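This report refers to the structure that appears directly beneath it.
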Amino acid sequence: MDLPRIFPFGEGALVCESPAPATLACQKRFWAMAAAAQQWPYVTEIVPGMNNLTVLFDPLAADVDALAKMLAKAWRAAAENLKPGRLVEIPVCYGGESGPDLAEVAQHTKLSIEEIIKRHTNTEYTVFCLGFQPGFAYLGGLDPKLATPRRAEPRVAIPAGSVGIGGTQTGIYPASSPGGWQLIGRTAAKLFDPMGNPPSLLQPGDRVRFTIASQTTITI
Amino acid sequence: MIEVLRAGLLTSVQDLGRKGYRMSGVCTSGALDTLALHIANRMVGNAPEAAGLELTAGPVSLHFTQTTRVALSGADFSATLDSLPVHAWWSFPVEAGQTLRLHTPKIGMRAYLAVHGGIDVTPMLGSRSTDLKAGFGGLNGRALKDGDQLPLGTTPPSRHSSDALHMPAFGIKAPGWHRFERLNPRAENKTSLHGAPGTSVRVLRGPEYDHFTAAAHEAFWSEPWLITTNSNRMGYRLAGPELKRAKNLELLSHAVLPGTLQVPGNGQPIALMHDAQTTGGYAKIGVVIQADLWRLAQARLASNLYFTECTITDARIAYADLQRYLAQIEFAIDQQYQGYAQQAKALA
Chain A
2 MDLPRIFPFG EGALVCESPA PATLACQKRF WAMAAAAQQW PYVTEIVPGM NNLTVLFDPL
62 AADVDALAKM LAKAWRAAAE NLKPGRLVEI PVCYGGESGP DLAEVAQHTK LSIEEIIKRH
122 TNTEYTVFCL GFQPGFAYLG GLDPKLATPR RAEPRVAIPA GSVGIGGTQT GIYPASSPGG
182 WQLIGRTAAK LFDPMGNPPS LLQPGDRVRF TIASQTTITI
Chain B
-7 MIEVLRAGLL TSVQDLGRKG YRMSGVCTSG ALDTLALHIA NRMVGNAPEA AGLELTAGPV
53 SLHFTQTTRV ALSGADFSAT LDSLPVHAWW SFPVEAGQTL RLHTPKIGMR AYLAVHGGID
113 VTPMLGSRST DLKAGFGGLN GRALKDGDQL PLGTTPPSRH SSDALHMPAF GIKAPGWHRF
173 ERLNPRAENK TSLHGAPGTS VRVLRGPEYD HFTAAAHEAF WSEPWLITTN SNRMGYRLAG
233 PELKRAKNLE LLSHAVLPGT LQVPGNGQPI ALMHDAQTTG GYAKIGVVIQ ADLWRLAQAR
293 LASNLYFTEC TITDARIAYA DLQRYLAQIE FAIDQQYQGY AQQAKALA
């Protein structure tokens, strides 16, 4: 794997980025780097992205050139120590009021509703990174047959816990927000709890499996 | 306790921000003008991290049920304590039963109120700041409403606690509207926060600067950028010439920061603020330097923003300068308190 590009982002951050597409192998290196970089002096925050890692530091104390060298070194060292993440099961109530767009996904994909649920639950997803809103996970691994374009008109408010498909991605809205993804179900799982430690249920590197929940488990 | 009689358009509990949780998708929040809140806290004897109020537009009325000390900073909202006028960048005692009223700013955009002991809401993820979008922190995760009750901290906030309540009112010169303007040559004639047509901020080239056309570069640095009224604590949506890209590459999302100038497909930049999401996939033409983020925060909606190019070295010098300035202000406030303590001792 080629050495990623390292470039400044403002005076207090460096981005370390590999060219698209985002792959799991590449992403695993960034998680290992993130863990290492978190321990470095003057590093204040680390933010894994898709195929990249951003390191925030104190612009007055840190030596930027030294930090860039440490990132490059960490990238080379990262391949050896890859630990698989936790497996997190997320029970989803598919269709009906919980998944108002399931029929639309069926129409677009030309798959039956049963087949969509089967394919959505039969896959092991990987959390690539978190962003967009607190606890929102960018998941890798959606069955390409389930890919469905976003809704032409985004909804003003999507209920918390909604599970959706947006293009080739799938994910869960941790909190109520506007959004354009096709909603296929909903989970009662709490994706983000500001009183929790860590606050986010999912962490980069975790593996996710959706399971079929009974209708009664949804209490939102 | 402070009773909120009138909450105003957008008043929220904020401190210096929530740090260390970006990797969980949690934004910084916190005072947009951190410099103003930091200084106001020092002026009431608090640690800089104490929570205060950020006001975006008045009128706001706050009733005090206990004797305390407050400081106002940031934009001057023509405040009155009962019927007496009180200025911004002043620290003064407040008696139980008094009402502080803040009206509208003539210049600048946001005012800050620090209270001795700080606003004592439950810290979440290491901060008392309100995350308005995610709905946690501050007072029940939302902007203040009429009738809210704000508890005040009782634990000694700093070494000046005992003096802070009794000391007479004092003020400091509003920090560096002029001082920081001078660091920015373009700002000399084009901008001033004293009623002039706009604000100038120093900007570093962003990661995708080279994706834009030469015409876009020219326009970016020379044209005024209108801060549209469709702006909030997440971002300032700017309007001006369309910034076209020579390369239109699909980008993978990486972290975005307060001050990032991202350009969506319509070619109109958005300046990200403290409530912005943590990751983004739009092309980033520039980044406002950290030393000028408070100036960006005080730039008014419907006014113009100008971008001045600078280097990373300039940015670091400006940041160091700001830190030095803050240290000088803190020293001056310390002297004020110590002088009072000595005087009180001599009289006793």
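Residue numbers (the working numbering), protein chains in the order written: chain A, 2 to 221; chain B, -7 to 340. Beta carbons: idealized from backbone N, C-alpha and C, even for Gly. Because the structure is a prediction, the values reported are computed rather than measured.
Under 8 Å by Cβ, that's how I've got residue i and residue j pegged, so tell me the actual separation to the nearest angstrom.
i	j	result
V255/B	G272/B	About 11 Å; that fails the 8 Å criterion.
D7/B	G22/B	6 Å
R30/A	D207/A	That belief does not hold up - the Cβ atoms of R30/A and D207/A are roughly 17 Å apart, past 8 Å.
Q282/B	G331/B	No, Q282/B and G331/B are not in contact; Cβ-Cβ is about 33 Å, not under 8 Å.
K84/A	L112/A	The pair is not a contact, with the Cβ atoms about 35 Å apart (cut-off 8 Å).
V280/B	A291/B	Not quite, the Cβ-Cβ distance comes to about 10 Å (not below 8 Å), so this is no contact.
A161/A	P175/A	6 Å
K165/B	T205/B	No, K165/B and T205/B are not in contact; Cβ-Cβ is about 44 Å, not under 8 Å.
L203/A	Q170/A	About 14 Å; that fails the 8 Å criterion.
G96/A	G186/A	7 Å
R120/B	V5/B	6 Å
W286/B	T26/B	6 Å
Quick check on the DSSP output: the beta strand (DSSP E) that includes residue i runs from which residue to which?
i	result
S349/B	Any answer about residue 349/B is impossible in this case: the structure gives chain B only from -7 up to 340.
S214/B	S214/B -> not in any beta strand (DSSP E); alpha helix (DSSP H) instead, spanning 206 to 214.
W217/B	217 to 219
I164/B	Segment: none, I164/B is in no beta strand (DSSP E) and carries neither H nor E.
N53/A	53 to 58
Q204/A	Looking at the DSSP string, Q204/A is not in any beta strand (DSSP E), and its letter there is neither H nor E.
G129/B	Looking at the DSSP string, G129/B is not in any beta strand (DSSP E), and its letter there is neither H nor E.
G96/A	Premise fails: G96/A is in no beta strand (DSSP E) and is neither H nor E.
S192/B	190 to 197
T3/B	3 to 6
In whole angstroms, what is the alpha-carbon distance linking residue i and residue j?
i	j	result
L92/B	H158/B	18 Å
R50/B	K125/B	Checking the displayed sequence, the identity of residue 50/B turns out to be Gly instead of Arg. In a straight line, the C-alpha of G50/B is about 22 Å away from that of K125/B.
G187/B	L288/B	With a pLDDT of 40 at G187/B, under the threshold of 50, the predicted position of this residue should be treated as unreliable, though the coordinate-derived value follows. Cα to Cα, the separation comes out at about 15 Å.
Q334/B	G110/B	25 Å
L175/B	F212/B	Confidence at L175/B is low in this model, with a pLDDT of 44, below 50, so the placement of that residue is unreliable and no value is reported for it.
T55/A	G181/A	27 Å
P233/B	Y298/B	13 Å
F193/A	S295/B	38 Å
G129/B	L64/B	22 Å
Q134/A	H209/B	31 Å
I31/B	Q260/B	34 Å
L136/B	L24/B	17 Å
M51/A	L140/A	10 Å
A214/A	E18/A	38 Å
V86/B	G66/B	19 Å
L218/B	Q327/B	42 Å
P92/A	N38/B	47 Å
L72/A	L45/B	39 Å
Q28/A	A88/B	58 Å
A312/B	Y274/B	30 Å
T110/A	L243/B	26 Å
P49/A	S177/A	24 Å
A340/B	D155/B	14 Å
W81/B	L117/B	30 Å
V62/B	A75/A	49 Å
Along the chain, where does the alpha helix (DSSP H) containing residue i start, and where does it finish?
i	result
C234/A	Residue numbering for chain A in the displayed model covers 2 to 221; residue 234/A lies beyond these limits and cannot be assessed.
F31/A	25 to 38
By DSSP, does residue i sit in helix, in strand, or in coil?
i	result
V113/B	coil
R(-2)/B	strand
A63/A	coil
E46/A	strand
A333/B	helix
Y13/B	coil
L142/B	strand
A231/B	strand
K323/B	Inspection of the sequence shows that residue 323/B is occupied by Phe rather than by Lys. In the structure shown, F323/B sits in a helix (DSSP, three-state: H, G or I).
D3/A	coil
F172/B	Summary for F172/B: the model assigns pLDDT 45, below 50, so the residue's position carries little reliability; its value from the coordinates is reported in the next sentence. Residue state, collapsed to three classes: helix.
R87/A	coil
R225/B	coil
D194/A	coil
R120/B	coil
L92/B	strand
R102/B	coil
Along chain C, which residues have their Cβ under 8 Å away from the Cβ of residue i?
i	result
S163/A	This model lacks chain C altogether; the protein chains it does include are A and B.
Exercise. Can you list the alpha helix (DSSP H) stretches of 4 or more residues lying completely in the region 26 to 84 of chain B, in chain order?
Worked result: Correct list: 26 to 35.
For this session: Write down every uninterrupted run of the alpha helix (DSSP H) in the region 99 to 186 of chain A whose length is 4 residues or greater and which is fully enclosed by it, in chain order.
Result: The qualifying runs are 103 to 110, 114 to 122.
Problem set entry | Segments of 3+ residues assigned as beta strand (DSSP E) that fall wholly inside the region 245 to 313 of chain B | List check, beta strand (DSSP E) in window: 252 to 255, 262 to 264, 275 to 280, 296 to 301.
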